[in-house]
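**Q** I have a structure here, written as structure tokens, and I will follow up with some questions on it.
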Amino acid sequence: MTLARMRIAALLLLALLALPAFARAGDAGREAPNLVLQGDLDGKDNQTFRMLPFDVPAGTARITVQFDYSGHDSDHTTIDLGMLGPDGFHGQDGFRGWSGGARKLFTIATTDASPGYLPGTIRPGRWQLMLGIPNIRAGSHSHYVAKIWFSGADAPAWEPAVLNPPLRSVAGWYRGDLHMHTAHSDASCPSQSGKRVPCPLFLTVEAAVRRGLDFIAITDHNTVSHAEAMRELQPYFDRLLLIPGREVTTFSGHANLWGSTAPVDFRIDGTQVKDWNALLDAVAPLHALISINHPRLPDGEICMGCGWIAKPPVDMARVQAVEVVNGEDTGTPVTGLPFWTAALAEGFRPTAVGGSDNHDATLTASKFGASMVGRPTTVVHADALSMPAILDGIRAGHVFVDVAGSGDRLLECNAQSGGRHAAMGDTLQASAGQRVDIHVHAAHVAGMHLLALLDEKPLPQGADRVLAGDDAREDYTWTGDGQRHWLRFEVRDAQGGLLLIGNPIYINPRR
Ligand SMILES: [Zn+2]
Ligand SMILES: [Zn+2]
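Taking the working numbering, I'd label the letters of the sequence shown as residues 1219 to 1729.
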């Protein structure tokens, strides 16, 4: 054994002894790898392979590797990468892919893998990172470092962070579609020759780009097989955040789950999964968001399980959002608004969101039951364009729904009382007799009607105001009574059609 190889072995042993099996979400050292393998190469290693063994702990669902080495730019040193599972190259659970010198960061998971690698079960045991060295000059030396992260099945879809950097790091309003189907469930569109075929994911992504969206969630029915295609597309679409989701589809209602690729048992039949509350228990540790879809669609043979008929009723405190607009359902009896406002009246605070429920990415117009991508659009105020930031923005209720998916309409609301401020989704304390000042900013809705609603009833003072200009600002004052209220704003057209739906500011909430 050479000195260099002894050093590698010692470092490997130290790394294995020192590191915990998993980095937990929220840990200060969340970015830190679970394992670091490093070593040295010189001219004698030219055109050889070196295997770097490492132990994968039980419960691992994703392995992520970031690799770097010296001498590439100065000496044309080149190191290729590949991965072997626990059965070696030729075994049943052996070859897991090869990326040559093409990339320094890759991931292999049960659901998805970087191009060049094979997704599938991650069996615990001794894996090997393969280094191929097509070129290192006789007198050259190269130091390499491989950082390795292990993620469990319950890890959120945005971990490890090294794999999912923010697309933009500025706070602002970001526009997206949270409900769409692809070939991975029941979406279809015309093929090259005009046959209806399962509609590939890239068409949905391209449609979202054409619609000017910042993020989309792919929510195929009960599956996350789309995560593999998303893994390939995300680096190319570096201005459109792709969020893996699924539409949990049961006999007693549908709900979107965003930000997790963990398996979720949807078989609510009283036996496999007892009821919706048991399902909510199962998803609670996933750090994902769950949103009840189209709650007032009728249930029956036309759309089986589509209506929300969960029995017993679900604990709404564990539901983070409600789809108040599904495609073109505003103005129809099946709009989700009454379901949402009933939850508000009970003191719950689910965020109102919208989703196109698109099933054909090539649609360029919408009608009831067949909506184009981005209609409606959910607009989220987030700290960054990243999965955790967008989902945190939705969780916080910093959201309005742009019913037509206009691309530029804006609805902002701020209230202040006693020196404290609250935006949509926030809470504000206002005791009896305390003055509350409210400021609304509505853009690109000139001539439309701004409605102020307190507990869904018109705020007495100027409940319906016509907005002057494309950058309208309206002020209201209201006097607190120490009671619980919710205050929200809508923008409607002259015929009463909904254009923008704001989430509430919660005054003196109890929960
Ligand atoms: Zn549905
Ligand atoms: Zn759907």
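Virtual Cβ for every residue (Gly too), placed ideally from N, Cα, C.
1) Hey, would you say the C-beta of His1577 is under 6 Å away from at least one heavy atom of ligand 1?
2) For the region 1506-1583, which segments carrying the alpha helix (DSSP H) assignment without a break, of at least 4 residues, lie completely within its bounds, in sequence order?
3) For Ala1327, which of helix, strand or coil comes out of DSSP?
4) Which of the three DSSP states is assigned to Met1590 in this structure?
5) What would DSSP say about Leu1381, mapped onto helix, strand or coil?
6) With DSSP as the reference, label Gly1611 as helix, strand or coil.
7) Restricting to runs no shorter than 3 residues, where is the beta strand (DSSP E) found entirely within the region 1382-1466?
8) Along the beta strand (DSSP E) that carries Asn1474, what are the first and last residues, could you check?
9) Mind pulling the beta strand (DSSP E) runs of 3 or more residues that sit fully within the region 1291-1376?
10) Alpha carbon to alpha carbon, how far is Ser1358 from Ala1279?
11) With a threshold of 6 Å (Cβ to nearest heavy atom), would His1472 be considered close to ligand 1?
12) Would you mind reading off the limits of the beta strand (DSSP E) that contains Ala1690?
13) Where does Ser1253 sit, in a helix, a strand or coil, going by DSSP?
14) Closer than 8 Å by C-beta to Ser1635: which residues in its own chain qualify, once you throw out the five before and the five after it? Chain order, please.
15) Considering only residues of the same chain and omitting the five flanking positions on each side of Arg1414, which have a CB-CB separation below 8 Å?
16) In this structure, what does DSSP give as the bridge partners for His1599?
17) DSSP three-state call for Ala1246: helix, strand or coil?
18) Return the CA-CA distance between Ser1360 and Asn1252, expressed in angstroms with no decimal places.
19) Would the C-beta of Glu1519 count as close to ligand 2, meaning under 6 Å from any of its heavy atoms?
20) Could you give the distance in angstroms between the alpha-carbon of Phe1433 and the alpha-carbon of Leu1459?
21) If Asp1395 sits next to Ser1574, beta carbons under 8 Å apart, how far is it from one beta carbon to the other, in whole angstroms?
22) Run the proximity test for Asn1511: is its beta-carbon closer than 6 Å to any non-hydrogen atom belonging to ligand 1?
23) Grab the span of the alpha helix (DSSP H) containing Val1501 for me, first residue to last.
24) What would DSSP say about Gly1261, mapped onto helix, strand or coil?
25) Shorter than 6 Å, the distance from the beta carbon of Glu1450 to the closest heavy atom of ligand 2, or not?
26) From the DSSP output, in three-state form, read off Leu1270 for me.
27) Where DSSP assigns a beta bridge to Ser1635, which residues make up the other side?
28) Roughly how many angstroms lie between the CA atoms of Gln1713 and Gly1338, to the nearest whole one?
29) If you count every other CB in all the chains shown that lies within 10 Å of the CB of His1505, and 16 or more means buried, which is it?
30) Please report the straight-line C-alpha distance between Gln1679 and Glu1708, rounded to a whole angstrom.
31) Taking C-alpha atoms, which residue in Gly1350, Asp1517, Ala1356 lies nearest to Gln1265?
32) So, do the region 1618-1632 and the region 1661-1678 have three or more beta carbon pairs nearer to each other than 8 Å?
33) Taking C-beta to C-beta, are Val1543 and Val1621 nearer than 7 Å?
34) Hey, Thr1479 and Val1423: beta-carbon distance below 7 Å or not?
**A** A quick look at the data gives this:
1) No, the Cβ of His1577 stays beyond 6 Å of every heavy atom of ligand 1.
2) Counting whole runs of 4 or more residues, the region 1506-1583 contains the alpha helix (DSSP H) stretches 1555-1563.
3) Three-state DSSP puts Ala1327 in a strand.
4) Correct three-state label for Met1590: coil.
5) Reduced to three states, the DSSP call for Leu1381 is helix.
6) Helix.
7) The region 1382-1466 contains these whole beta strand (DSSP E) runs: 1390-1395, 1406-1408, 1414-1416, 1433-1436.
8) Asn1474 -> beta strand (DSSP E) spans 1471-1476.
9) Assignment of beta strand (DSSP E) within the region 1291-1376, counting only whole runs of 3 or more residues, yields 1296-1302, 1313-1318, 1323-1327, 1343-1353, 1359-1370 in chain order.
10) Rounded to the nearest whole angstrom, the C-alpha separation of Ser1358 and Ala1279 is 38 Å.
11) Checking every heavy atom of ligand 1 against the Cβ of His1472, one is found closer than 6 Å.
12) Taken as a continuous stretch (DSSP letters only), the beta strand (DSSP E) holding Ala1690 covers 1689-1697.
13) Looking at the sequence shown, residue 1253 is not Ser but Leu. If DSSP states are grouped into helix, strand and coil, Leu1253 belongs with the strands.
14) So the qualifying residues of the chain are Leu1646, Gln1647, Ala1648, Gln1652, Arg1653, Val1654, Asp1655, Gly1698.
15) Cβ within range, chain order: Ser1406, Cys1407, Pro1408.
16) His1599 pairs with Trp1391.
17) Only weak support exists for where Ala1246 lies, its pLDDT of 38 falling under 50; the value from the coordinates is given anyway. Coil, per DSSP.
18) Each residue's Cα considered, the two are about 23 Å apart.
19) Answer for Glu1519: no, Cβ out of range of ligand 2.
20) So the two alpha carbons sit approximately 4 Å from each other.
21) Asp1395 to Ser1574, Cβ: 5 Å. Contact.
22) Correct: Asn1511 has its Cβ closer than 6 Å to ligand 1.
23) Run containing Val1501: 1494-1501, per the alpha helix (DSSP H) assignment.
24) Helix.
25) Every heavy atom of ligand 2 is 6 Å or more from the Cβ of Glu1450, so no.
26) Note: Leu1270 maps to strand in three-state DSSP.
27) In the DSSP secondary-structure assignment, Ser1635 is bridged to Arg1638.
28) Rounded to the nearest angstrom, the two C-alpha atoms are 54 Å apart.
29) By the 10 Å Cβ count, His1505 comes out buried.
30) Cα atoms of Gln1679 and Glu1708: separation of roughly 15 Å, rounded to the nearest angstrom.
31) Proximity to Gln1265 across Gly1350, Asp1517, Ala1356 peaks at Gly1350, based on C-alpha coordinates.
32) Yes, since at least three Cβ pairs between the region 1618-1632 and the region 1661-1678 fall closer than 8 Å, the two stretches touch.
33) Yes, Cβ-Cβ distance for Val1543 and Val1621 is below 7 Å.
34) No.
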